[in-house]
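Worksheet: one structure, shown below.
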Amino acid sequence: MDPYRPTGYEPLDTLKPVAEGLWLIDGPAHAHGRIPYPTRATVVRLEGGGLWVHSPTPLTRRLRAEVDALGPVKHLVAPNHAHVAHLGDWAEAYPEAACWAPPEAGVGRARSLQASGAEPDWEGQIDQISVRAGPKLTEACFFHRASRSLILTDLIEAIETQHMPVHLRPVFWLSGTDHTAAHMRPSYRWALKREDKAALADDVEVMIRWRPRRVILAHGRWVPHDGVAALEYAFRKVLRARRWEVAYEEFEKGRGV
Numbered sequence: 010m011d012p013y014r015p016t017g018y019e020p021l022d023t024l025k026p027v028a029e030g031l032w033l034i035d036g037p038a039h040a041h042g043r044i045p046y047p048t049r050a051t052v053v054r055l056e057g058g059g060l061w062v063h064s065p066t067p068l069t070r071r072l073r074a075e076v077d078a079l080g081p082v083k084h085l086v087a088p089n090h091a092h093v094a095h096l097g098d099w100a101e102a103y104p105e106a107a108c109w110a111p112p113e114a115g116v117g118r119a120r121s122l123q124a125s126g127a128e129p130d131w132e133g134q135i136d137q138i139s140v141r142a143g144p145k146l147t148e149a150c151f152f153h154r155a156s157r158s159l160i161l162t163d164l165i166e167a168i169e170t171q172h173m174p175v176h177l178r179p180v181f182w183l184s185g186t187d188h189t190a191a192h193m194r195p196s197y198r199w200a201l202k203r204e205d206k207a208a209l210a211d212d213v214e215v216m217i218r219w220r221p222r223r224v225i226l227a228h229g230r231w232v233p234h235d236g237v238a239a240l241e242y243a244f245r246k247v248l249r250a251r252r253w254e255v256a257y258e259e260f261e262k263g264r265g266v
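Each residue of the sequence shown is one higher than the one before, starting from 10 at the first, in our numbering.
Shown next, in the form of structure tokens:
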């Protein structure tokens, strides 16, 4: 994989302000199989000035200088087992920072992220929920209250195919994860069993109740507005099935069954 392949999100490895206390870092393409996925980290400034870094991308000298100018890095967050590649480099650069990851990520020095409820270190500022989309597919999802930004990783994608090699574009068209709208990642859809779908729908309902203005994605075009509508569209099938189940249960209760 050519780390200098254009991703469509240049300039790379630099802080990009999105809202008060919220920045994005577009990183170089990362190969998953033979597909060059664009990557993205999110930085939040917490109360007190400390920085919370989600899904770290490569830490270049220039990027480190920019980050240092923002404030001290306090938390490094790997939201799932697939986003730990650069956690070690950041941890080495910022030894005082706490590392966080799901237990299945296998990061030795990392603290385990709670399944639900915010960590005490950022309670009241960032909400979180651990979304289970299959036996081995768990992702910690976060909501930055101040900017009303939902921060996701692999749960949904919106890949801008014009930046992909021509022969790979049909992969995204056929899977429904191209940039025309955010969609649930195919590997997550295929892994879902019936009981997983109900649990996933419940988790998505929690995120919808957060009423996000925007949805940040680790790969592809993120959603700058109408975040609730984007969630409802991306998860429309599991939400529809769950809502039918709830309606049926309420109907049965009404009949006294």
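Beta carbons: idealized from backbone N, C-alpha and C, even for Gly. Just so it is clear, the structure is predicted and the values come from calculations on it, not from any experiment.
- Going by C-alpha positions, residue 52 is about 48 Å away from residue 263.
- Assigned with DSSP and collapsed to three states, residue 183 falls in helix.
- Here DSSP, grouped into helix, strand and coil, assigns residue 14 to coil.
- Residue 45 is not a Cβ neighbour of residue 67, given a cutoff of 8 Å.
- According to the DSSP secondary-structure assignment, residue 153 is paired through a beta bridge with 135 and 158.
- Using a Cβ distance threshold of 8 Å, residue 223 and residue 236 count as a contacting pair.
- Spanning the alpha carbons of residue 24 and residue 254 requires a straight line of approximately 44 Å.
- Secondary structure at residue 173: coil, using DSSP grouped into helix, strand and coil.
- By the Cβ test, the segment 56 to 70 is not in contact with the segment 174 to 189, since fewer than three Cβ pairs between them sit closer than 8 Å.
- Residue pairing from DSSP places residue 26 in a beta bridge opposite 32.
- In terms of Cα proximity to residue 208, the closest of 177, 56, 138 and 113 is 138.
- Looking at the DSSP output, residue 121 sits in a beta bridge with 110.
- Distances from the alpha-carbon of residue 19 to those of 26, 121 and 34 put 34 closest.
- Shown here for residue 86: same chain residues with a beta carbon closer than 6 Å to its own, the five before and five after excluded, namely 63 and 109 in chain order.
- Restricting attention to 173, 152 and 180, the CA atom closest to the CA of residue 218 is found in 152.
- For the options 55, 178, 180 and 99, the alpha carbon positioned closest to that of residue 73 is the one of 99.
- Take the alpha-carbon of residue 78 and the one of residue 71: they are about 11 Å apart.
- Here DSSP, grouped into helix, strand and coil, assigns residue 91 to coil.
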